[in-house]
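Written out below as structure tokens is the structure these notes cover.
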Amino acid sequence: AQSVTQLDSQVPVFEEAPVELRCNYSSSVSVYLFWYVQYPNQGLQLLLKYLSGSTLVKGINGFEAEFNKSQTSFHLRKPSVHISDTAEYFCAVSFTHIIQGAQKLVFGQGTRLTINP
Amino acid sequence: EADIYQTPRYLVIGTGKKITLECSQTMGHDKMYWYQQDPGMELHLIHYSYGVNSTEKGDLSSESTVSRIRTEHFPLTLESARPSHTSQYLCASSDAPGASTDTQYFGPGTRLTVL
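Residue numbers (the numbering used here), protein chains in the order written: chain A, -11 to 105; chain G, 81 to 195.
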């Protein structure tokens, strides 16, 4: 069965500092990995996704993530954060429902990133 | 930019009431999803649809029901709301036929409180 673990429930960081949000997954099949961001009072928005190819994936707003198959990790990084990056970040693994072909996303518990001035 | 809408954004109701949470998308996506999200917790899939007149239950058991009569509309109904239904409900749709590789686009959510 697929599962996702986000190791930190909250991460406080000072503005312009680097940040890493950790994500580990468990899956018995090939995976596709996603990071979504949820700003206050809004729905989730895709930051980036890993499907295949280069293990370093670049997303929107200066974020990037690295897929590490041996460590079953997909950590999210940004070299210099801004106040506007304050949000909840969700890691997710995707697999296809066998019968109907619909995507099923399994989400981690989320990491609340707080940027302090 | 994705166009997916949910109404109402906030709803406070009494126990035993029937409610319908609306979700509409203008992108022509075939696949639509409902998630339940409790504070500080992950999202759990409660319903999904891969086209008109097709609905399936998700991984998390839910007393709610859904319908998909039109491509753009995927309402969720609770026949008799209870305090245990208090949660945030997120609707999403996805665009590509690749299934596992799809990007899901989310609405802003409905925060439901049942007294």
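Note that CB positions come from ideal geometry on N, CA and C, so glycine has one too. Note that the structure is a prediction, hence the values are computed from the model and not measured.
(message) Distance cutoff 8 Å, beta carbons only. Does lysine 98/G sit that close to anything in chain A?
(response) no
(message) Between glutamine 116/G and chain A, is any beta-carbon pair separated by less than 8 Å?
(response) So no, glutamine 116/G is outside the interface.
(message) Helix, strand or coil for glycine 131/G? Go by DSSP, reduced to three states.
(response) strand
(request) Ignoring anything shorter than 3 residues or poking outside the region -5 to 69 of chain A, list the beta strand (DSSP E) runs there in chain order. (result) -2 to 2, 7 to 9, 12 to 14, 20 to 26, 32 to 38, 44 to 46, 52 to 56, 61 to 66
(request) Determine the chain G residues that contact phenylalanine 95/A at a beta-carbon separation under 7 Å, and present them in chain order. (result) Going along chain G in sequence order, the residues near phenylalanine 95/A (Cβ under 7 Å) are Glu122, Leu123.
(request) Leaving out five residues on either side along the sequence, give the residues of the same chain with a beta carbon under 6 Å from the beta carbon of phenylalanine 2/A. (result) Asn104
(message) So, at 7 Å on beta carbons, what are the nonlocal neighbours of glutamine 26/A in its own chain, with the 5 sequence-adjacent residues on each side left out?
(response) Leu32, Ala75, Glu76, Phe78, listed in sequence order.
(request) Would you verify that the beta carbon of glutamine 30/A is, or is not, closer than 8 Å to some beta carbon of chain G? (result) yes
(message) What would DSSP say about isoleucine 71/A, mapped onto helix, strand or coil?
(response) helix
(request) Determine which residues of the region 168 to 193 of chain G have a Cβ less than 7 Å from any Cβ of chain A, and write them out in chain order. (result) Leu170, Ser174, Ala179, Ser180, Thr181, Asp182, Thr183, Gln184, Phe186, Gly187, Pro188, Gly189
(message) Any contact between the region 109 to 120 of chain G and the region 133 to 150 of chain G? By contact I mean 3 or more CB pairs, one from each, below 8 Å.
(response) Contact between the region 109 to 120 of chain G and the region 133 to 150 of chain G is present: three or more C-beta pairs spanning the two stretches fall below 8 Å.
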